[in-house]
Each structure stands twice: as structure tokens, then as C-alpha cells.
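Participant:
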């Protein structure tokens, strides 16, 4: 599904990613762990095409397409979704209108007619239940006045609406209490199909208790320095990253 | 020849003709206004209230002047001033600033006027709609005059629509005088939807007595060059005024709004919110002054001007001003000029919303705050649609207009 080769990227003048190689096949969940500033968020932002990040070398192929040649909306239409670490407020744009624009843009890209208003609202209602998000939030401006937990839930709700095939959960667990974490993680699991793959960025083991990763990668200094299975996350939870750094040295 | 000269000569040649087509109350102040115009001339950019608009250049081309009579469809409360049911002499050219060049020129050249008269204690439930149509097969100057008299305890909504029916160069001067007697309520909407060939110079003057409430909304959806002046005089206690403005610029359009709210007596409230979205190479200017006289204690005033520059070539000038001579007042003013929120744009694009659509949504959301303030619901709904169409580039002609097909 996703194939990253020798990826280098910088923000401003600072090189953050220094040669990432990563292959993700259909249906696989890859957890990405690492110290602060290691490049986890940079990697996700590069995959979704954030214009603040510049790729200097390497390639990303997504289902055979050259991802780096596509703009952010084309990548979204191709099935890529990112749950933002810090979801953005958009004053004056209601959640309903925002979602309608997003859903219909995707349908248009797929050559489908826009959803009829009643059908759209019906889909909204069904997906809302999945992540237990309140109807009254839908009439508010996007993320405006949402609590930290509501924002994260709202990300998963948007994912439900857009039915992506490849998801990036960028610290979706941070700022969530235990119950909210369960709702968000279970929501994600319900939305998964056997083909859905994902990168899950987290600092904590607890999200991975719900979303079992097939692989765990450790990112330090802009490179993937270690790859293992779910047990590696457990080990990091207990021992931190120092032992990995020592291995490297 | 200076730009003024052709108007001075025009008046000398055609003054008598204009008078013959006009009425006594308008002719009574005509020569005096002409002399004022001759004396002051067109304001240069050194004149504080005109620093953002080059008036002389706008008036320099040779326009034909329209002396066709006003057509007033018979309807309640709207009259040709000739048929006024009241003596209008105490109002006509009495609220206006006689030293303003545009007002002076308008008063000298205008041959007929529209009167909106709402009698004492009359509540007009349906809005009074005034449609201005610019028509002509040659470049034409139109001088328009509207007098609104709200008697004691009256209540009305007035909507003034500006359309251009022909793709022709039009230069419009407009003077609107509003006289609100005690306890009157007025919602006044001005909506301009013309063409890039139109230049508009509009001066609105509002007098408020005691316990009045006036809301003025100035909406520039589509235009060429627009200069709107709005002066409000709070002359009776416990009155309030709200001035709202929505200005959308694109292409090489220019929109200059200049307002003055003068608190002359205690215990009045004023609120002002003007928002601009300027795109392409358009230029926006806002200058608003709140003047609180020495005796106007317990004044409450809030003035806000917020602007979005949607392109790097667009320009916005903003100048909020407070001038306070009383010592027990609560006044605030502020202005912001910002660019498109890049983080919000990216967030929307990640969800698959194409960049152009995302920009439209953001501009629309920004302007929504002003449209939200419109009290008359059907107009508010209509403007949500129009503003959105404007941002989508679908409003290059006025849709209500059967002539534009």
C-alpha cells in the first residue's frame, strides 16, 4: 500500500528526516514510537503533503502512485487520512458544512454525484454514534469550543465519514482520559476493514492495547533505528529509549 | 482644466434647466450648494476624510448627466419629493454636511429626490424597498437624493438596492439624509451590486433624537470604485446606533468606507463592525471616527474593523479613531488585518476539500459574522447565498435583475 524509500525532509533549513525506509502492506498497523523531536510528526506531515515540509530526497509510493507529485486534497481523495495531533479550529465554518464539503469533494473525485442532503445527514447520524459525539457539536464551528477529548473524537468521526484506506493517528491518545481513549480506539477498530492500514504514533503502550500493531518502529534522529513486534512497545514503556540509544552507540 | 471646472460650467449652463425640472424646496438650497462646491472644490488626498480616494480623477471623465425624471412606483411611504405629504424644508439639506464637496455637488445638480416618510407611531412591518437602476447607453452621471423622515415612534426597515443594468460607465453621487424623531426605530440596508465600470460616491447622514435606535448596514458585493461616507449624529439621550459593513473586493475594485459617529449628548450607545475581504489587486480602506463631545457622559461605544487580505497584491488601509472630550465613558476601538489561515487551509485540504473551495469557505466564514447581524431574516438568508456566490465568482451580474439576462 505505502512504500517509503530513503526519505529526507526538512522544515525551514532544518533537516528532520534523514533517510526513512518503510513499507506498509494492506491491513497492517505500524506503530511509530520515538523521542520528542525524532521526526514522527514530520513523517506524517510529509505523507499528507503539508506544504510547510520540504522533501529533499527519496520517494513515497501509494498504491502505485507517486504520492509526492500529488497535492494534499488528491492524497485525501486517494484514501489517506491523518488524525491531527492538534486539530485546527475553523471559526465560522460549521462541522456539518465542513463535512459536507469534504465528503462531496471526495465523491466528485471518484466521479460520484454529491450526496443528497437527507442522505448526508443520515450518514452523519450513523457515524456520530460510532464515536459517541454529540449532535450539538455538529452545529458548532469546526473544533471551536471543543474540549481536548472532543477534538480527538471529532478526528475519528471525520475518519468515519471519509472512509480512508490508510490512516495516520498522530498522538490521537494524548490528552484523552481512559474512557475517551477506549471510545476513540474502539471507534477506529470498528471502522477498520481487512485492507485498512495505519501508522499509529504514540508515546504510550495503552493505545496499542486497543489497536494491536503488527510492527513497532523506533524513530530517533530522523531514522528508523529499530523495528520489532508489539512486545517492543511494551519494552519501551518499561525501559524508555536509553537502551536503544546505547545499542546504537 | 481642473476636474471641478466642467461641473462649474455645467451648472452655469444647465442650472436653470435643472431648476425647471425640480421643485422649490430643492431649488431653495441649490445656488448656496453650488457656491459651496465652487469654494471647496474636489478634496485632495490631503483632506483627512478623503485620503484613500482620488475624487478629482474619478470625476474627471466627461459623463453625460441624466435629467430623466424619477419613476416612483406608487407604494405606501415612498414619494417623489414633489408629492411630499409633509413640509420637507426642515429636513432637506439640513442633516447633511454642507461643507462636503460631494454633498454640495449633488445638491447643486440633483433635480429630483425620493422621500420615504413614515408617520408618527406607524409600525411598518414589511420592508420598504428602494431599487436603484443604472441604465444608459453612454457614460452617464447620476445624482441621487433620498430623504428619510421617521416621525416620533415610527418603526421601519428600508432596503436600498443598487444595480447597474447596462455594461456602461456610471458615476453616481448619492446623498441620503435620515431624520429620526424621538423614539423612532430604523433598519437601513444599502446593498451595492453593480459592475467594475461603476463609480459610486455616497454620503449618508443620520440624525437621531431621543430614545432612537438605528441600524445601518452597508454591503458592497460588487462594484468598481466605491466611496461611502456615513455620519451619525446622536442628538437625543438614550439613543443607539449600529453601523455594520461588509465589503468584498476583487479585481482592481476599490472600496472606501468613512464613518463618523458623533455623541453629542449623554447616555447613548454606538456599535460599529466593518469587515473586508480584499482579493486580487483590490484596495480597501476603512476610517471610522467616534467623537464624544464634552457633555456626552456615560457614552458606550465599540468600534471594530477586521480585514482579510486574501492575496498578496491586495491592499487594506484601516484607521479606527476615538476622540473623547467627556470623562465618564466606555469606549473601545480596534482593527485587524490578517491573511488566510494557512493551518486551517491545510486541515481542510487534508480532508479532501480542494484549495479553492477551502479558501471560499474561509472567506465566507469570515464575512458571516457581519451577515449574522442582519435582523431582517429573509434578507439575511439571501445575503448568505449572495456572499457565497460572490466568493465563488458567480456574482458578476445581479441575479434578480431581469434586464441582465
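Protein chains in written order, with this note's numbering: chain A, 1 to 249; chain B, 1001 to 1405. Built from N, CA and C at the ideal position, the CB exists for glycine as well. Being a predicted model, the structure only gives us computed values, none of them experimental.
(1) In whole angstroms, give me the CA-to-CA distance for residue 1354 (chain B) and residue 48 (chain A).
(2) Measuring CA to CA, which of A:199, A:247, A:203, A:112 is closest to residue 252 (chain A)?
(3) Please determine, among B:1233, B:1291, B:1351, B:1127, the residue with the shortest C-alpha to C-alpha distance to residue 1377 (chain B).
(4) Excluding the five sequence neighbours on either side, which residues of its own chain have a C-beta within less than 6 Å of the C-beta of residue 1204 (chain B), listed in chain order?
(5) So which of B:1245, B:1031, B:1163 has the shortest CA-CA distance to residue 1008 (chain B)?
(6) Using only alpha-carbon positions, find the residue among A:94, A:158, A:36, A:31 that is nearest to residue 191 (chain A).
(7) For residue 162 (chain A), go through chain B and note every residue whose CB falls closer than 9 Å to its CB, in chain order.
(8) Give the secondary structure of residue 160 (chain A) by DSSP, where H, G and I count as helix, E and B as strand, and everything else as coil.
(9) So what does residue 1187 (chain B) bridge to, in DSSP terms?
(10) Using only CA atoms, which one of A:202, A:168, A:185, A:219 lies nearest to residue 21 (chain A)?
(11) Taking buried to mean at least 16 other C-beta atoms within 10 Å of its own C-beta, is residue 1209 (chain B) buried or exposed?
(12) Applying a beta-carbon distance threshold of less than 9 Å, which residues of chain B neighbour residue 158 (chain A)?
(13) For residue 102 (chain A), decide whether its Cβ has a neighbour in chain B, counting only Cβ atoms nearer than 8 Å.
(14) Residue 40 (chain A) and residue 201 (chain A): beta carbons closer than 8 Å?
(15) So what's residue 1168 (chain B) in DSSP terms, helix, strand or just coil?
(16) For the stretch 1238–1267 of chain B, list every residue whose C-beta sits within 8 Å of some C-beta in chain A, in sequence order.
(17) For my contact list, residue 1226 (chain B) and residue 1256 (chain B) are in at a C-beta cut-off of 8 Å; report their separation, rounded to the angstrom.
(18) Can you check which of these residues, B:1272, B:1280, B:1278, B:1323, is closest to residue 1291 (chain B) by C-alpha distance?
(19) Taking three-plus beta-carbon pairs below 8 Å as touching, is the stretch 1089–1102 of chain B in contact with the stretch 1317–1333 of chain B?
(20) Kindly identify the DSSP beta-bridge partner or partners of residue 1271 (chain B).
(21) What number of angstroms, rounded off, separates the C-alpha of residue 1027 (chain B) from the C-alpha of residue 1064 (chain B)?
(22) Anyone know if the C-beta pair for residue 1040 (chain B) and residue 1207 (chain B) falls short of 8 Å?
(23) Rounded to whole angstroms, what is the Cα-Cα separation between residue 175 (chain A) and residue 143 (chain A)?
(24) To the nearest angstrom, how far is the alpha carbon of residue 187 (chain A) from that of residue 161 (chain A)?
(25) Roughly how many angstroms separate the alpha carbons of residue 1395 (chain B) and residue 1250 (chain B), rounded to a whole number?
(26) I need the straight-line Cα distance from residue 1349 (chain B) to residue 1287 (chain B), nearest angstrom please.
(27) Distance, Cα to Cα, residue 1241 (chain B) vs residue 1218 (chain B)?
(28) Can you pull the chain A neighbours of residue 1369 (chain B), defined as C-beta to C-beta under 7 Å?
(29) Taking the straight line between their C-alpha atoms, what separation do you get for residue 2 (chain A) and residue 74 (chain A)?
(30) Is there at least one Cβ from chain A nearer than 8 Å to residue 1344 (chain B)'s Cβ?
(31) Check each candidate in B:1084, B:1165, B:1306, B:1058 and name the one with the smallest Cα separation from residue 1370 (chain B).
(32) Distance check for residue 28 (chain A) and residue 229 (chain A), CA to CA, integer angstroms please.
(33) So, at 7 Å on beta carbons, what are the nonlocal neighbours of residue 1341 (chain B) in its own chain, with the 5 sequence-adjacent residues on each side left out?
(34) Just how far apart, CA to CA, sit residue 1297 (chain B) and residue 1011 (chain B)?
(35) Which residues in chain B have a C-beta closer than 7 Å to the C-beta of residue 88 (chain A)? List them in chain order.
(36) Return the CA-CA distance between residue 4 (chain A) and residue 1316 (chain B), expressed in angstroms with no decimal places.
Facilitator: Working from what's here:
(1) Rounded to whole angstroms, residue 1354 (chain B) to residue 48 (chain A) spans 14 Å at the Cα level.
(2) Outside the shown range of chain A, which is 1 to 249, sits residue 252 (chain A), and nothing can be said about it.
(3) Cα-wise, what sits closest to residue 1377 (chain B) is B:1127.
(4) So the list reads 1176, 1230, once near-sequence residues are dropped.
(5) The option with the nearest alpha carbon to residue 1008 (chain B) is B:1031.
(6) When each option's Cα is compared against that of residue 191 (chain A), the closest is A:158.
(7) Among the residues of chain B, those whose CB is under 9 Å from the CB of residue 162 (chain A) are 1351, 1352, following chain order.
(8) The answer is helix: DSSP assigns residue 160 (chain A) an H, G or I state.
(9) Answer is B:1157, B:1215.
(10) Among A:202, A:168, A:185, A:219, the Cα nearest to that of residue 21 (chain A) belongs to A:219.
(11) By the 16-neighbour rule on beta-carbons within 10 angstroms, residue 1209 (chain B) is buried.
(12) Neighbours of residue 158 (chain A) in chain B, taken as residues whose beta carbon is under 9 Å from its own, are 1351 in chain order.
(13) Yes, residue 102 (chain A) lies at the interface with chain B (some Cβ there is under 8 Å from its Cβ).
(14) Yes. Within cutoff.
(15) Correct three-state label for residue 1168 (chain B): coil.
(16) Taking a C-beta cut-off of 8 Å against chain A, none of the residues of the stretch 1238–1267 of chain B qualify.
(17) Distance from residue 1226 (chain B) to residue 1256 (chain B) at the Cβ level is roughly 7 Å; contact confirmed, criterion being Cβ atoms closer than 8 Å.
(18) Ranking B:1272, B:1280, B:1278, B:1323 by CA distance to the CA of residue 1291 (chain B) puts B:1323 first.
(19) Of all C-beta pairs linking the stretch 1089–1102 of chain B to the stretch 1317–1333 of chain B, fewer than three are shorter than 8 Å, placing the two stretches out of contact.
(20) Looking at the DSSP assignment, residue 1271 (chain B) forms a beta bridge with B:1242, B:1302.
(21) Answer to the nearest angstrom: the Cα atoms are 21 Å apart.
(22) No, they are not a contact pair.
(23) So the two alpha carbons sit approximately 15 Å from each other.
(24) Rounded to the nearest angstrom, the two C-alpha atoms are 12 Å apart.
(25) For residue 1395 (chain B) and residue 1250 (chain B), the distance between alpha carbons rounds to 12 Å.
(26) Approximately 36 Å, taken between the alpha carbons.
(27) Cα to Cα, the separation comes out at about 14 Å.
(28) Neighbours of residue 1369 (chain B) in chain A, taken as residues whose beta carbon is under 7 Å from its own, are 92 in chain order.
(29) When rounded, the distance between both Cα atoms is 15 Å.
(30) True, the Cβ-Cβ gap to chain A drops below 8 Å.
(31) Nearest option by C-alpha distance: B:1306.
(32) Here the alpha carbon of residue 229 (chain A) sits roughly 12 Å from the alpha carbon of residue 28 (chain A).
(33) For residue 1341 (chain B), where only same-chain residues beyond five positions count, the Cβ hits under 7 Å are 1362.
(34) Rounded to the nearest angstrom, the two C-alpha atoms are 45 Å apart.
(35) Under the 7 Å cutoff, chain B gives 1343, 1344, 1347.
(36) Near 45 Å, if we compare the C-alpha coordinates of residue 1316 (chain B) and residue 4 (chain A).
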